[in-house]
Structure formats: C-alpha cells, structure tokens
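Each remark here refers to the structure printed beneath this line.
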Amino acid sequence: MQPFFNFYKQSRYVLICLISILLLQISCKKDDTPPNYPIGSNENINTWILDSLKRYYYWSDGLPAKPGLNRAPLNFFSAIRNLNDRFSYILLPDDPSTVTPTNKSQYGFDYTTIKEKNTGLVFGVVKLVLNDSPASRSGLKRGDYISKINGKAITQENATALQQELLSGTQVTITFAEVSGNELKDIGSAELTAGFTFEQPTVSNITNSNGSKIAYLYIYDFSPGLATSLYNTFMGFKNAGITELILDLRYNSGGQVAEAAGLCTMIASGVNYTTPFITYKGNKNGGTRSESLGDAASFDHTLNFNTLLQSNLNLKRVFILGTGATASASEVMINNLKPYLQVVLIGEKTRGKDEASFKIYDARIPKQVEWEMHPIVYKLFNATGNGGYSAGIDPDIGVTELNDLPLQPFGAWEDPLVKAALYRISGKNTLAISHLKESNKMSLAAGNVLADSRILTTSASTVITHR
C-alpha cells in the first residue's frame with residue numbers, strides 16, 4: 000500500500016505543478032497582450048506614437064520602457080523625446096494650434112531686434128519678406144526698421160516678449176521708423192493679417208569683376224521641383240561663361256534632399272549619376288544606406304538627371320552665404336559638395352541640423368490616429384564619411400550682415416556677404432569687413448542682437464527624405 004500511496008502523492012504533486020505552470024503561462028500571456036484602448040483616447044494615440052518611434056526613431060534605444068500613456072499627445076511626445084533631439088515634432092494636420100507659429104508662416108516676414116552700436120537705439124530690422132505674403136502686400140521690405148509692435152515701443156527688456164505677442168493672434172500692427180541722427184522717428188504703420196504664402200522665386204545676377212565672370216543665386220528653400228526649375232538659370236550661367244558662383248542660402252531652412260542633389264549636379268566638376276553623394280545612418284532597424292547623386296536626385300520625379308547634367312558649370316570652387324538660419328538641406332549642400340570642390344562658407348555659423356526625417360502617419364484602414372509625426376530618423380554624412388555638424392558649420396569668412404545697415408536687397412553686389420565673396424575672388428583681404436563700406440557713408444551697425452524671430456522655433460528647419 001505504501002508504494003502506491005507514495006506514487007499517488009508524487010503524481011498529485013506533479014499534476015499541481017503542471018497546473019500552476021500552465022496558469023502562470025496563461026497569466027503572462029494576458030499581461031503581454033497590449034490593452035485595447037478606445038480609438039481617439041490619449042492611450043490609443045500615444046501607443047501608436049511609441050510603437051512608431053520604436054521602429055523609426057534615431058534614438059529609439061533611449062525611449063522609456065513604460066511611459067505614462069494618459070497624457071495629451073503633444074505632452075507625451077515632448078516627454079519621451081531624446082534630450083539631444085531639437086527638431087522632431089508631431090501635429091494634427093487640421094488643427095493649427097498643434098503647429099508652432101512663426102513670423103514667416105503667419106505673416107511672411109522675419110526680423111531681428113538690435114541695439115544699434117553707435118546710437119544705442121533699439122529697433123527691429125526686417126531681414127526677410129516673402130513674395131506675395133501678408134507682409135509684402137502691406138508694403139514691408141527687407142531693410143525696413145520697426146519701432147513698435149501693436150503700438151508698444153520695442154525696448155531691450157520687451158524685445159522677446161513682443162516677438163511672442165506678434166504670434167499670439169492673427170493681426171498685428173507694425174510701426175515703421177527711420178534713424179535720424181541719434182533719434183528713431185516713426186514714419187508710418189501697416190496692419191498685417193495672417194495668411195498663406197506659397198512658393199518663393201529665386202534671385203539671380205551676373206557680374207564681371209577683375210577678369211572673372213561671377214554668378215549670384217539666392218534660394219529660399221529646397222521645395223519640390225526646385226532643381227528642374229533652375230535648369231534654364233544654370234544654362235544661362237553656362238552660356239555666359241561664368242567662372243565663379245555665389246550661392247546665397249542665408250535664410251534657407253532646408254527641404255528636399257533630392258533638390259539639393261539636383262543642384263549639386265549642376266555645380267560640381269566631374270560628377271555623374273553614380274557619383275557618391277550621401278549616407279544615411281539610422282537606428283538598428285533603419286541601418287545605414289548610401290545614395291549616389293543620381294539616386295538621390297531621382298526622388299524628384301520631375302527631374303531628368305541627364306538633362307540637368309547638361310547645365311553643369313564644371314566649377315572647382317563655390318561661395319556659399321550662410322547664417323544661423325541656414326539649416327538642414329542647405330547644410331547638406333555645404334557638407335556634401337566638399338568632396339568635389341572647394342566650398343567657401345561666408346557669413347555666420349549655420350544652424351547645425353545634420354539629421355533627416357520623414358512623415359509618419361497611421362496607414363491602417365480604417366485610420367485610428369489622425370496625428371502625423373516628423374521624427375529624426377537618420378544622421379547625415381557626405382561621400383567621405385564626414386558629418387557630425389550638430390553644433391553648426393563654422394564660416395571660412397565671418398561676416399554679419401547686420402554690421403552694415405540698412406540691409407541690401409537680395410542680389411545687390413553691395414551686400415556685405417556678397418562683397419566678402421567678391422573680395423576673396425579678387426584676392427583682396429576679407430578679414431576687415433569694415434573696409435568694405437564706402438568711406439563717405441555714415442553706416443549703422445548692430446551692437447547687440449536682442450531677439451531673432453527666425454530662430455525662435457526649433458522645428459522650422461527640415462531635411463526631408465524618403466523611407
């Protein structure tokens with residue numbers, strides 16, 4: 000009887016253990032199954048955000064394991080974004096309140112508030128006015144001085160606050176002024192109503208200087224179709240026999256990599272379809288991939304690479320004008336041309352966006368999440384593996400356009416950045432930029448920059464690539 004009893008006890012013990020293990024496995028499976036959150040809830044949206052970032056985000060390894068999902072999506076995204084990430088953002092396409100407004104996007108202009116070096120006067124300097132924008136239709140021009148915003152005089156103490164106030168509504172009153180001796184005198188005003196601004200024209204010129212034929216080209220952004228639209232311009236440069244190019248990217252915040260590749264195709268000497276151009280380095284899912292000049296350009300389906308190549312200028316050197324507003328695809332131009340010709344950067348340190356993003360949206364049918372994400376997915380490198388300019392690209396010739404006021408129109412040969420390029424081309428000294436001014440001209444200059452509307456927001460610059 001005893002052996003049977005022992006066998007019974009042992010069998011019963013084994014059966015209890017098996018049942019316990021089975022229940023434990025069932026319990027674990029239940030815990031591992033993601034909750035079924037209601038569509039439209041914060042938890043549902045944030046789960047989609049987190050899952051997408053785990054797949055694509057450059058810093059995916061640093062995402063929190065179990066973040067709180069009950070926060071509003073904007074707050075959730077901000078909370079889990081990597082501390083090194085200045086440029087990723089999310090938005091609701093039909094909700095303007097989820098998009099950070101800028102002077103440029105609302106009214107079509109940017110300005111910098113300065114304390115003038117010689118007089119101590121504080122005023123705004125209009126640096127950029129977009130074509131056919133609310134600002135341009137109200138008569139605002141590059142180089143204008145602003146004394147008041149909504150009737151409030153601009154001071155050293157309120158400069159930043161007034162720039163923010165300008166963005167808080169859909170209408171603003173700008174008071175224009177002129178400097179007369181040591182005084183700032185109001186000369187008029189304009190009321191601006193927020194509105195849309197569309198594609199911007201380029202500006203081009205050609206001049207002869209000391210035996211060199213020099214072309215100037217201002218580009219506002221790298222929008223789709225840009226390279227194809229510039230074919231005739233470059234053919235004009237080529238037929239004119241230009242030997243030097245000044246490429247003005249001082250306010251170019253980026254755009255399509257394909258357009259940067261197309262532009263490089265028309266500039267650098269000895270390039271062809273297979274010329275190495277760009278390397279993308281992503282997370283463990285994205286890996287590393289490289290593209291030739293032709294492959295990168297081909298993502299613009301309006302572009303014919305062989306046709307663009309016909310307008311190639313065969314240059315050994317290019318002068319690029321840049322500032323702290325020069326970012327993303329513009330910096331790709333600077334960095335990725337370097338393996339193929341001498342790049343002389345004139346102006347100020349660039350923004351420092353050595354990264355690329357693409358749009359992520361909910362492709363499920365039916366769609367559950369209306370939000371869109373533009374996360375950083377790649378770091379960018381040129382054909383020789385050089386990149387890492389997140390702190391910005393230092394200029395070869397340092398020039399600040401605000402040191403010679405009033406500002407000149409784009410394309411003017413008297414512009415201080417353009418003058419610096421002309422001096423370098425002629426072999427003259429460009430270190431003492433003050434010598435570029437006319438001796439009989441009483442010039443104003445920025446002593447201190449108090450606020451700059453162009454760089455208030457971090458997500459305003461983009462390198463757009465493809466999955």
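Mind the numbering: the sequence shown is residues 0 to 466 in numbering that gives the first Met the number 0, read in order.
Ideal Cβ placement from N, Cα and C applies to all residues, glycine included.
Whose CA, out of the options, lies closest to the CA of residue i?
| i | options | result |
| --- | --- | --- |
| G321 | L312, V178, V343 | V343 |
| E290 | A176, F380, A214 | F380 |
| A214 | W412, N447, D451 | W412 |
| W370 | Y57, I89, F197, S59 | I89 |
| V331 | L52, N69, Y144, I277 | I277 |
| Y339 | T274, K358, N303 | T274 |
| L244 | S104, T232, L91 | T232 |
| N117 | K151, L161, L183 | L183 |
| H373 | I44, P394, L52 | L52 |
| T201 | F409, A450, S104, K427 | F409 |
| A189 | A176, F195, K418, R54 | A176 |
| T192 | K212, A326, Q170 | Q170 |
| L166 | S425, N303, Y106, S146 | Y106 |
| Y272 | S329, A324, F304, N102 | F304 |
| D395 | G384, L416, L161, Q407 | L416 |
| S132 | R54, F298, N102 | N102 |
| V178 | Q155, G123, L161, A419 | G123 |
| K212 | Y230, L229, I241 | I241 |
| S208 | D403, N157, A420 | A420 |
| K337 | K358, C263, G293, T287 | C263 |
| L129 | Y144, K147, P37, S104 | S104 |
Is the distance from the Cβ of residue i to the Cβ of residue j below 8 Å?
| i | j | result |
| --- | --- | --- |
| A390 | G351 | yes |
| G313 | S268 | For clarity, residue 313 is Asn in the given sequence; the question names Gly instead. Contact: yes. |
| G258 | F221 | In the sequence under discussion, the amino acid at residue 258 is Glu, which differs from the Gly named in the question. Yes. Within cutoff. |
| Y521 | G285 | Absent from the structure is residue 521, since the part of the chain shown begins at 0 and ends at 466. |
| L248 | I218 | yes |
| T111 | I153 | no |
| P66 | L49 | yes |
| P72 | N41 | yes |
| I186 | L139 | no |
| G254 | T301 | no |
| V270 | A295 | no |
| G386 | D353 | yes |
| L246 | F195 | no |
| L449 | V121 | yes |
| T325 | T349 | yes |
| K366 | Q341 | no |
Which residues mark the beginning and the end of the beta strand (DSSP E) in which residue i is found?
| i | result |
| --- | --- |
| G346 | 341-346 |
| M332 | Here M332 belongs to no beta strand (DSSP E); instead the alpha helix (DSSP H) covers 328-336. |
| S208 | 202-208 |
| L246 | 243-247 |
| L320 | 316-321 |
| G187 | 182-192 |
| E369 | E369 -> no beta strand (DSSP E), and no H or E assigned at all. |
| A355 | 354-356 |
| V376 | 375-380 |
| I89 | 88-90 |
Tell me, which residues are paired with residue i by DSSP?
| i | result |
| --- | --- |
| L127 | D109 |
| S289 | T278 |
| F122 | I113 |
| G67 | DSSP output for G67 lists no bridge partner at all. |
| N447 | K114 |
| K147 | A152, T174 |
| I396 | I345 |
| I38 | Answer is none; I38 lacks a bridge partner. |
| A267 | L314 |
| Y360 | E371 |
| A214 | I205, L244 |
| G386 | F380 |
With residue i as the anchor, note down where its alpha helix (DSSP H) starts and where it stops.
| i | result |
| --- | --- |
| T159 | 158-165 |
| G235 | 230-239 |
| E258 | 256-264 |
| V171 | Here V171 belongs to no alpha helix (DSSP H); instead the beta strand (DSSP E) covers 170-179. |
| I218 | No alpha helix (DSSP H) holds I218; DSSP gives it neither H nor E. |
| Y250 | Here Y250 belongs to no alpha helix (DSSP H), and DSSP marks it neither H nor E. |
| L308 | 304-308 |
| I44 | 41-55 |
| R467 | Residue 467 is absent from the structure shown; the chain starts at 0 and stops at 466. |
| K418 | 415-425 |
| A78 | 72-79 |
Using a beta-carbon distance below 8 Å, is residue i in contact with chain B?
| i | result |
| --- | --- |
| T232 | In the displayed structure, chain B is absent; only one protein chain is listed. |
Below 8 Å on the Cβ atoms is my contact criterion, and I expect residue i with residue j to pass it. Report the Cβ-Cβ distance as a whole number of Å.
| i | j | result |
| --- | --- | --- |
| V84 | W58 | Residue 84 is actually Asp in this sequence, not Val. Going by Cβ atoms, the distance from D84 to W58 rounds to 6 Å, so yes, they are a contact pair. |
| A239 | L307 | Contact doesn't hold; Cβ gap of about 18 Å is too wide. |
| V125 | R141 | 6 Å |
| Y388 | N311 | Rounded, the Cβ-Cβ distance is 26 Å, inconsistent with contact. |
| F108 | A134 | 4 Å |
| K114 | N447 | 4 Å |
Tell me whether residue i, by its Cβ, gets closer than 7 Å to a heavy atom of the ligand FAD.
| i | result |
| --- | --- |
| G386 | Looking at this structure, you won't find the ligand FAD or any other ligand, since it has none at all. |
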